[in-house]
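Asks: Going by my numbering, the sequence shown opens with residue 4, and the numbers climb by one from there. For glycine and all other residues, C-beta sits at the position ideal for the given N, C-alpha and C. First the structure, then my questions, so here it is.
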Amino acid sequence: MAQETMSFQAEVKQLLQLMIHSLYSNKEIFLRELISNASDAADRLRFEAIVDTGLYEDDPNLHIRISYDKAGRTIVVHDNGIGMSRDEAISHLGTIARSGTKEFFSKLSGDQQKDAALIGQFGVGFYSGFIVAERVTVESRRASLPADHGVRWESTGDGEFSIEQIKRIQRGTSITLYLRDSEDELLSSHRLKSIIQKYSDHISLPILMKKEEWDAEKSEIVIRDEDETINQACAIWTRSKSQISDEQYISFYEHLSHDHEAPLAWTHNRVEGRNEYIQLLYIPAHATFDMWNRSHRGGLKLYVKRVFIMDEAEQLLPNYLRFIKGVVDSNDLPLNVSREILQESHDVKTIRDGVTRRVLSMLEELASAADNKQKYTKFWCEFGQVFKEGLGEDFSNRERITKLLRFASTRSNSAEQSVSLDDYIARMKPEQTKIYYVTADSYRGACNSPHLEVFVKKDIEVLLLTDRVDEWMMSFLREFNGKPFASVARGDLDLGSLYNEEKHAQEKVCEDLKLLIDRMKDVLKEKAKDVRLTFRLTESPSCLVVDEGEMSGYLQRLLKAAGQKAPDFHPILEVNPEHALINRLSPAVTDFDDWCHFLFDQALLAEGGALDDPANFIRRTNMLLISSK
């Protein structure tokens, strides 16, 4: 077939400009990424060969080979993995075929180290070859296709690429980099080996290079026709923990996740018994861009007897732990296991339960160790909202999950969620029987909520819940260590013995203002379910509450924001009899109705609600300001 010239996808053109002009100081990442892709190609071949061993052809020993040619100024990265067909070469090398393209470019910071770390994370590692090469040629043949169905792809990174059909005996892919004039230092066995050992030592395939020796007679280094393996060439998780350094664990994590920031923690252990498997699990240091999308489930790499099976086996983790990265290698699952079989397998459920317990233990160790407190705070900042989903998903571990929760509170004096429920209970007043909390759209909104006023006065700590998942979470979190949770925005708030001394005075005030309250109920009957006096306020004239079991205004707003139908909101208006506005209010005043609506709307705004008729609120407020002079 004749050679064709095609244009890159627009995003690839933008990416190539970034590679060539912005990431030069991190140029050695090109070899890391090309080796990682070669390793993936071998994994895919192993997986497909489970049902078709003929894919190995006559070359069953998978490997990666690195070579260089000083005279031709080239570096070649070769693998005998799955290879590519012509259509796959166009698709994989001419486009960025994943939905994260926009997110990839939005993450670019101008910090070369951080930008370089994103290259592999977003699956565009191949293009890093253009950092050092003025021209890149790819020759490939997909396993099982005949020799005359090979393909040659070539580009100078200027917006176009050529593609043609060739004859290729070898299965797999060879990438030839024609180096730029300034890249001669890469044409060295020592330099290439140092990069491989730095970034790719953990790759389970052997990475081969021709052995070089000093020839005394010729007084020069000569290349022998003999291979040497540059890396460990052994799956890291199969080795004893005592044989693996922290640097090697971190290096494997970088390869696994394409995240080049060290993980917060990891655990590596072999489970024996009725089910035998190895687990190597990592807690990342930061969340990925799609972490909050529940439809995009993460998962662990699954191996069976060291054979790669699938990339994201979500059945091995509950969804609330979807941020965990790692590997599970089972001795018991069948090699032809599918996602459907995983869903129904009792052995997989056992592995899933074991992995979950191990992750929770890892988090408990982080949370309890004094020298790890900062790490746990970072974990919670990055993944706390996702982790909270576990209260509704994982009943068997709910108590452990609850102990790991962290909150902001009226005692913490910052938005940082660092207060545990054990901390809160340890600070409770002797006569306090409940754990109090408030939900709001923001930390500032929670701090300034009128519902907190009596608690501030009585010096009672209140948890400040400001994540979107919190209202849902509290429907599963009823009590902790025998202490029930109580929302300060509920109408039946009872402070018990904490407020006994004021009760007699309150009862008398309620009797004196009965006529006023009855009149307000009549005016606001279309807006408020009820109107009553409250002694929970010390500075505000009014607030809105709901009865126990009813949907809060905050949850209603969340449902509406998500495009879901929410029931009509008819809260209870509580007014503060000690406030100057209430003291001046009388059913006899001419603008009494306006004052009633003003107090309701003001209370709705104070809790973050939206007015149905903001223009009328402004008009009413202006009229009341004028008439009060």
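If you draw a straight line from the C-alpha of Thr77 to the C-alpha of Ile85, how long is it?
Replies: Rounded to whole angstroms, Thr77 to Ile85 spans 24 angstroms at the Cα level.
Asks: Ala136: which of Ala236, Tyr181, Arg325 and Lys196 sits nearest, CA to CA?
Replies: Closest option to Ala136, Cα to Cα, is Tyr181.
Asks: Taking Asp594 as the reference, give the member of Leu607, Asp571, Asn586 and Ser630 with the closest Cα.
Replies: Considering only alpha carbons, the answer is Ser630.
Asks: Should Pro574 go down as buried or exposed, given a rule of 16 or more other Cβ atoms within 10 Å for buried?
Replies: So Pro574 counts as buried.
Asks: For the 8 angstroms Cβ check, are there 3 or more pairs between the segment 138-155 and the segment 168-183?
Replies: The answer is yes - the segment 168-183 touches the segment 138-155, with three or more Cβ pairs under 8 angstroms.
Asks: Between Leu267, Leu628, Trp475 and Val351, which lies nearest to Tyr285 when the distance is taken from Cα to Cα?
Replies: Among Leu267, Leu628, Trp475 and Val351, the Cα nearest to that of Tyr285 is on Leu267.
Asks: Taking the beta carbon of Trp295 as the centre, do at least 16 other beta carbons fall within 10 Å, making it buried, or is it exposed?
Replies: Exposed: under 16 other Cβ atoms inside 10 Å.
Asks: With a CB to CB cut of under 6 angstroms and the five nearest residues on each side skipped, what residues in its chain are close to Gln235?
Replies: Same-chain partners within the cutoff: Asp204.
Asks: Which residue's Cα is closest to the Cα of Val225: Phe133, Ser185 and Tyr71?
Replies: Looking at the Cα atoms, Tyr71 is the closest of the given residues.
Asks: Measuring alpha carbon to alpha carbon, tell me which residue in Arg361, Lys201, Leu366 and Glu186 is nearest Asn272.
Replies: For Asn272, the nearest C-alpha among the options comes from Arg361.
Asks: Which residue wins for smallest C-alpha separation from Val358, given the options Pro149, Met87 and Leu283?
Replies: Selected option, being the one with the closest Cα: Leu283.
Asks: Would the C-beta of Asp262 count as close to the ligand GTP, meaning under 6 angstroms from any of its heavy atoms?
Replies: Only the bare structure without any ligand can be found here, which leaves the ligand GTP out of the picture.
Asks: Any idea what DSSP makes of Val472, helix, strand or coil?
Replies: Coil.
Asks: Which value, in whole angstroms, describes the spacing of the CA atoms of Asp604 and Leu467?
Replies: Cα to Cα, the separation comes out at about 23 angstroms.
Asks: Can you name, in chain order, every residue of its own chain whose Cβ lies under 8 angstroms from the Cβ of Asp228, other than the five neighbours on each side?
Replies: Taken in chain order, the residues that qualify are Lys213.
Asks: Cutting at 7 angstroms between CB atoms, please list the residues of its own chain near Ser192, excluding the five before and the five after it.
Replies: Cβ neighbours of Ser192 beyond the five flanking positions: Met212 and Glu215.
Asks: Is it true that the segment 309-316 meets the segment 371-389, where meeting means three or more beta-carbon pairs spaced less than 8 angstroms apart?
Replies: Not touching, per the Cβ criterion.
Asks: Tell me the residue span of the beta strand (DSSP E) that contains Tyr71.
Replies: From DSSP, the beta strand (DSSP E) with Tyr71 extends over Ile67 to Asp72.
Asks: What first and last residue would you give for the beta strand (DSSP E) that runs through Phe538?
Replies: Neither: Phe538 is in no beta strand (DSSP E) and is coded neither H nor E.
Asks: Would you kindly report the start and end of the unbroken alpha helix (DSSP H) that includes Met626?
Replies: Its alpha helix (DSSP H) spans residues Pro617 to Ser630.
Asks: Does His633 come out as helix, strand or coil in the three-state DSSP assignment?
Replies: Only positions 4 to 632 of the chain appear in this structure, which leaves residue 633 out of reach.
Asks: How many Å lie between Glu245 and Trp156 at the Cα?
Replies: Note that residue 245 corresponds to Ser in the displayed sequence, not to Glu. If I take the Cα positions, the gap works out to 45 angstroms.
Asks: State the Cα-Cα distance for the pair Val457 and Ser543, rounded to the nearest angstrom.
Replies: Approximately 11 angstroms, taken between the alpha carbons.
Asks: Taking the beta carbon of Leu416 as the centre, do at least 16 other beta carbons fall within 10 Å, making it buried, or is it exposed?
Replies: Reading off the sequence, residue 416 comes out as Asn, not Leu. Classification of Asn416: exposed, given that the 10 Å Cβ count is below 16.
Asks: For Gln346, which residues from the same chain have a beta carbon less than 8 angstroms from its beta carbon, with the 5 sequence-adjacent residues on both sides left out?
Replies: Gln318.
Asks: Closest to Asp397 by C-alpha separation, out of Asn64, Tyr323 and Lys170, would be which residue?
Replies: Among Asn64, Tyr323 and Lys170, the Cα nearest to that of Asp397 is on Tyr323.
Asks: Measuring alpha carbon to alpha carbon, tell me which of Ile621, Asp82 and Tyr130 ends up nearest Arg47.
Replies: Nearest of Ile621, Asp82 and Tyr130 to Arg47, Cα basis: Asp82.
Asks: Are the CB atoms of Glu551 and Arg493 nearer to each other than 7 angstroms?
Replies: Yes; because the gap between Cβ atoms is below 7 angstroms, this pair is in contact.
Asks: How close, in whole Å, do the beta carbons of Ile198 and Glu60 come, if the pair is a contact with beta carbons under 8 angstroms?
Replies: Going by Cβ atoms, the distance from Ile198 to Glu60 rounds to 30 angstroms, so no, they are not a contact pair.
Asks: Measure the Cβ-Cβ separation of Ala150 and Ile166 and say whether it is below 7 angstroms.
Replies: Cβ distance not < 7 angstroms, so Ala150 and Ile166 don't count as in contact.
Asks: What number of angstroms, rounded off, separates the C-alpha of Pro337 from the C-alpha of Val330?
Replies: Computed Cα separation, rounded: 17 angstroms.
Asks: Using DSSP bridges, identify the partner residues of Val549.
Replies: Answer is Arg493.
Asks: Put Phe410 into one of helix, strand or coil per three-state DSSP.
Replies: Looking at Phe410 - three-state DSSP - the assignment turns out to be strand.
Asks: Cutting at 6 angstroms between CB atoms, please list the residues of its own chain near Tyr439, excluding the five before and the five after it.
Replies: Val465, Ala489 and Val491, listed in sequence order.
Asks: My output table needs one value for Ile206: the three-state DSSP class, helix, strand or coil.
Replies: Ile206 falls in the coil class under three-state DSSP.
Asks: Considering Tyr439, what are the terminal residues of the beta strand (DSSP E) in which it resides?
Replies: Unbroken beta strand (DSSP E) run through Tyr439: Ile438 to Thr442.
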